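Novice:
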Amino acid sequence: MTDLTTTVRASRREFMATTGAVVAAGALAFGDWTPARAQAAPLPRRRLGRTGLRVTALSFGAIQLADASHRRVLDYAVDEGINYIHTCPGYTGGRSIQIVGEVMRTKRDQVYLAVKASPGEVDDCLRILNTDHIDVLIPDTNDNSDEERERYATLREAGKIRFSGFAAHGDMEGRIARTAEAGWRDVVLVRYNLVVADQLNPVLDAAVESQKMGFMAMKVAEGPGEFADKLTRLIRGNANMHTLTPGMNSQDQVRDNIAAIRAAFADGVPHQDLEEEAAEEIALACTD
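Heads up, the sequence shown is in our numbering, so the first residue is 3 and it goes up one at a time.
(1) Is the distance from the Cβ of Ile178 to the Cβ of Ala219 below 7 Å?
(2) Compute the Euclidean distance between the alpha carbons of Val205 and Ala241, then round it to the nearest angstrom.
(3) Which residue or residues does DSSP assign as beta-bridge partners of Ser166?
(4) With a cut-off of 8 Å, do at least 3 Cβ pairs link the segment 43 to 57 to the segment 68 to 79?
(5) With DSSP as the reference, identify every bridge partner of Thr58, one or two as the case may be.
(6) Compute the distance between the beta-carbons of Lys162 and His135, then report whether it is under 7 Å.
(7) Identify, in the order they occur along the chain, each residue of the same chain with its Cβ nearer than 7 Å to the Cβ of Leu131, setting aside the five sequence neighbours on each side.
(8) Only counting the same chain, and skipping five residues up and downstream in sequence, which positions put a Cβ closer than 6 Å to that of Tyr93?
(9) Do three or more CB pairs link the segment 66 to 75 to the segment 174 to 189 at distances below 8 Å?
(10) State the beta-bridge partners of His88 as determined by DSSP.
(11) Note down, in chain order, each residue of its chain lying with its Cβ closer than 8 Å to the Cβ of Phe267, except the 5 sequence neighbours on either side.
Rendered as structure tokens:
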């Protein structure tokens with residue numbers, strides 16, 4: 003089980019630094035664009051299972067980032083309040099993680115990073131991302147052996163990762179159930195859309211109830227309806243799906259997706275109280 007003590011032990015210095023970075027970002031102008039969140043409430047957040055991380059219900063899937071213009075898109079997304087980014091060394095021939103790394107030079111203290119990579123790739127990822135730690139490591143494998151568990155434990159003890167997980171593209175029900183039984187992985191990146199949500203929801207609920215696992219959704223575009231409608235229906239469908247992670251490559255996509263999430267929560271979707279979030283905000287930097 004993950005020791006949540008290290009997660010919630012945010013120092014006053016770290017909290018103030020994080021708060022100051024957020025305020026500063028809200029005051030910046032991006033060309034002739036002023037961040038909407040300077041005038042709007044924070045994006046709705048959900049606790050990512052037992053990690054304790056309060057991630058925005060919409061996270062940024064960096065799978066489509068490929069050229070210089072996409073850096074502006076990611077900058078925009080973070081300035082709009084998205085605080086969780088997912089990337090992978092293999093996306094767009096390595097450009098995705100490079101672009102994320104460029105943005106992290108100035109915005110690392112405003113976001114959590116989830117990286118689809120193996121334990122053996124962590125050092126290279128840290129270098130490219132311009133950071134000293136990955137918040138959630140989520141490779142494609144869910145080898146639950148004692149040897150694999152020790153590899154993750156070694157990375158955590160070295161401060162290189164904070165939490166472990168895996169990505170489930172196929173046999174999702176079986177893989178999630180087996181991992182929950184093993185009891186040591188924290189987060190699952192799962193293919194979750196309107197086609198499979200009803201089938202998967204009982205599995206998610208059981209894993210949250212037994213192990214307080216965190217869930218993030220990829221491949222959210224499948225199913226009937228417009229994209230914004232899909233996001234709204236998915237985030238309303240299960241409070242145990244903690245964040246939706248669509249790929250985005252334009253400011254219009256970011257803006258529309260944020261609007262959909264805001265609208266869903268405005269209609270009463272369960273999420274943590276914002277005052278509670280402000281009081282218990284997890285430090286974005288690694289704790290001592």
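Quick reminder that beta carbons are idealized off the backbone N, C-alpha and C, glycines included. Predicted model, so just to flag it, every value in this text is computed and none were measured.
Specialist: Taking the geometry as given:
(1) Taking the sequence shown and counting its residues from 1, one reaches residue 178 at position 176. Taking the sequence shown and counting its residues from 1, one reaches residue 219 at position 217. For Ile178 and Ala219, no; Cβs fall outside 7 Å.
(2) Translated into positions along the sequence shown, residue 205 becomes position 203. Translated into positions along the sequence shown, residue 241 becomes position 239. Cα to Cα, Val205 sits roughly 13 Å from Ala241.
(3) Your numbering for residue 166 matches position 164 in the sequence shown. DSSP lists Leu139 as partners of Ser166.
(4) no
(5) Working through the sequence shown from its first residue, we reach residue 58 at position 56. Per DSSP, Arg47.
(6) Position 160 of the sequence shown, counted from the first residue, corresponds to residue 162. Position 133 of the sequence shown, counted from the first residue, corresponds to residue 135. In this structure, His135 lies closer than 7 Å to Lys162 by Cβ.
(7) Translated into the one-based positions of the sequence shown, residue 131 becomes position 129. Excluding sequence neighbours, Leu131 sits near Ile99, Val102, Gly103, Met106 and Leu115.
(8) Within the sequence shown, the letter at position 91 stands for residue 93. Only residues of its own chain outside the window of five on either side were considered, and among them Ile65 have a CB closer than 6 Å to the CB of Tyr93, listed in chain order.
(9) no
(10) Within the sequence shown, the letter at position 86 stands for residue 88. Beta-bridge pairing links His88 to Gly63 and Ala116.
(11) Along the sequence shown, one-based indexing puts residue 267 at 265. Same-chain partners within the cutoff: Pro46, Ala59, Ile237 and His273.
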